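Reviewing the structure listed below.
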């Protein structure tokens with residue numbers, strides 16, 4: 003039986019597509035361009051109606067959508083007012099860029115809401131000590147709350163890990179809160195080589211502790227949330243491009259780098275079970291990823307159309323229809339192959355094949 007979390011996850015994916023297409027739609031209408039069809043999803047039409055000369059329809063698979071404008075392709079243009087291809091280059095560029103920009107704005111708004119409302123973070127509280135490691139020898143104890151490292155405050159477990167990892171073989175002073183008392187415990191870290199998520203290897207400091215699993219709610223003021231939103235988005239963007247660069251260099255596997263619609267629905271369903279703020283946090287990441295992906299200069303994506311417009315602006319005439327059609331066919335075939343590959347990878351990566359086989363064999 004499909005749980006409510008899976009239904010919500012599909013709806014979330016549909017909403018991300020909806021706001022993207024709404025960006026194209028609204029800017030096109032503002033520019034006086036005739037919109038013939040506004041569609042969410044692909045496959046057979048489930049629901050449809052016509053209003054103001056525009057056909058609105060909902061299709062079976064909410065994995066995409068499109069806005070069909072009059073004269074969108076030069077071969078279709080007949081010189082009537084309101085045709086897309088008859089608009090100035092700047093107007094066409096704004097219409098094309100509106101979709102990814104709205105996704106970026108959606109990411110910004112949802113992340114700001116999460117930071118103001120508060121979201122759970124893993125606290126730097128010791129849960130388990132590893133035998134024979136420096137923390138045990140230095141006298142650290144379970145349930146110790148590590149307040150700072152060398153005087154630098156540690157709010158989360160990730161911050162604690164980053165500070166300890168950055169000191170291989172060096173002595174760090176941990177300020178610890180234990181049963182209402184504050185203690186300073188010096189620990190010399192043990193150097194150890196470790197792989198990062200992008201396939202690189204580096205020497206880090208280890209002390210031999212595991213988190214207790216205690217969480218705290220982190221929230222900031224509405225004003226501070228604005229700056230923190232842009233900081234986090236910049237970090238996410240850097241991680242995305244670093245991951246792609248590491249994949250290109252062969253330092254990480256394809257299976258670990260790409261997640262398709264099945265994986266997105268699965269992760270969204272899991273976030274839904276954790277609550278509204280984890281769900282919105284994931285929505286922010288997905289919406290930013292969708293914005294960045296659509297700006298890639300691939301012919302059938304928004305970035306590809308913007309590239310065509312840039313070339314048209316520079317050379318004073320559009321790229322030939324034959325060249326555009328050839329590029330569109332090749333890119334569509336490649337993206338379709340990529341889509342199939344990531345879907346198969348999602349089924350394997352998240353253990354969904356085993357679940358499906360279990361459901362199939364269940365009586």
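Numbering (our numbering), first residue to last: 3 to 365.
Think of the CB as a built atom: it goes at the ideal place given N, C-alpha and C, for glycine as much as any other residue.
This structure is a prediction, so every number in the text was calculated from the model and none was measured.
Handout entry: the stretch 126-134 contacting the stretch 44-57, beta-carbon criterion three pairs below 8 Å
Key = no
Quiz item: Exposed or buried, residue 26, counting other C-beta atoms within 10 Å across all chains shown (16 or more means buried)?
Solution: buried
Exposure label - residue 172; buried when at least 16 CB within 10 Å: exposed
DSSP-derived helix/strand/coil call for residue 91: helix
Item to complete: On a CA-only basis, which of 237, 244, 300, 163 is nearest residue 149? Give me that one, please.
Response: 163
task = Determine the extent of the alpha helix (DSSP H) in which residue 52 is found, giving its start and end residues.
result = Counting along the chain, residue 52 falls outside any alpha helix (DSSP H), though it belongs to the beta strand (DSSP E) covering 37-53.
Quick check on residue 11: buried or exposed, where buried means 16 or more other Cβ atoms within 10 Å of its Cβ?
buried
Nearest residue (CA-CA) to residue 289, options 39, 31, 112
112
Exercise for the section: Using only alpha-carbon positions, find the residue among 184, 227, 147 that is nearest to residue 212. Expected result: 147
If I follow the unbroken beta strand (DSSP E) through residue 65, where does it start and stop? 56-71
Check: In terms of residue numbering, what span does the beta strand (DSSP E) encompassing residue 2 cover?
Finding: No statement about residue 2 is possible, as the shown extent of the chain runs from 3 to 365 and does not include it.
field: Residues near residue 207 by beta carbon distance below 8 Å, same chain, minus five either side
entry: 166, 167, 168, 169, 170, 171, 172, 174, 191, 192, 193, 194
Original post:
Does any CB atom of chain C fall closer than 8 Å to the CB of residue 188?
Top reply: Of the protein chains in the structure, only one exists, and it is not chain C.
- Query: Do the stretch 18-33 and the stretch 99-118 touch if we need at least three Cβ pairs shorter than 8 Å?
  - Reply: yes
**Request:** Per DSSP, which residues does residue 217 bridge with? Please list them.
**Result:** 124
Does the Cβ-Cβ distance between residue 230 and residue 117 come in under 8 Å? yes
Check each candidate in 276, 280, 250, 115 and name the one with the smallest Cα separation from residue 225. 115
**Prompt:** Going by DSSP, which residues form a beta bridge with residue 206?
**Reply:** 194
> So, helix, strand or coil for residue 285, using DSSP?
Replying inline: helix
* Asked: Where does residue 11 fall in DSSP's three states?
  -> helix
Which residues does DSSP pair with residue 151 in a beta bridge? 154, 176
Just reading off the alpha helix (DSSP H) that residue 136 is part of, what are its end residues? 136-140
- Just the Cα atoms here: how many angstroms apart are residue 325 and residue 91? 19 Å
- Query: Just curious, the alpha helix (DSSP H) that residue 317 is in, first and last residue?
  - Reply: 304-317
Thinking C-alpha only, which one of 13, 17, 71, 220 is nearest residue 40? 71
* **Reduced DSSP category for residue 129 - H, G, I as helix; E, B as strand; rest coil** => strand
Checklist entry - Hey, out of 282, 60, 33, 188, whose CA is closest to residue 2's CA? => result Because residue 2 is not part of the residues shown, which for the chain are 3 to 365, the question remains open.
*C-alpha gap between residue 310 and residue 89, whole angstroms*: 14 Å
Three-state secondary structure (DSSP) of residue 278
helix
Near residue 79, which residues of its chain fall below 6 Å by C-beta distance, leaving aside the five closest residues on each side in sequence? 73, 85, 87
**Q.** Cα-Cα separation, residue 44 to residue 59
**A.** 10 Å
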